[in-house]
Amino acid sequence: KGRHDQLLTALRALLLSRKNPFGDIKSDGTVQTALENLGLGELSLAGTASGVIGLNGYVTIPLIISGSRRTLIIQWGQA
């Protein structure tokens with residue numbers, strides 16, 4: 015058990031364990047750099063997909079095309 019506790023203590027020291035781990039990124043003004051490091055630069059601008067899935071439904075898929083936000087809408091249904 016002593017080794018287990020020692021390992022957990024070491025991991026907590028190495029990893030983020032604060033209540034708001036990204037607060038310092040915002041306060042430092044490095045949000046864009048953080049998003050680029052995560053590979054989420056333009057993707058984060060697009061937004062999230064949504065829709066209704068069923069026999070009749072639709073899905074909206076956000077896209078970034080040439081730097082502009084666009085939405086692809088796919089609809090389907092039965093008569």
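Anchor point for the sequence shown: position 37 equals 51 in the working numbering, and the numbering is continuous, going up by one each time. The beta-carbon is built from N, C-alpha and C at its ideal position, and this holds for glycine as well.
If you reduce the DSSP assignment to three classes, tell me which class residue i lands in.
{"i": "G53", "result": "coil"}
{"i": "Q92", "result": "coil"}
{"i": "G43", "result": "coil"}
{"i": "G37", "result": "helix"}
{"i": "L77", "result": "strand"}
Suppose the cutoff is 8 Å on Cβ atoms and the five residues either side in sequence are ignored; what does the same chain contact list for residue i look like?
{"i": "G61", "result": "P76 and R83"}
{"i": "A48", "result": "F36 and I39"}
With DSSP as the reference, identify every bridge partner of residue i, one or two as the case may be.
{"i": "T62", "result": "For T62, which the question treats as bridged, DSSP gives no partner whatsoever."}
So, at 6 Å on beta carbons, what are the nonlocal neighbours of residue i in its own chain, with the 5 sequence-adjacent residues on each side left out?
{"i": "I67", "result": "none"}
{"i": "T85", "result": "T74 and P76"}
What residues in its chain sit with their C-beta under 7 Å from that of residue i, if we drop five residues either side in the sequence?
{"i": "I87", "result": "Y72 and T74"}
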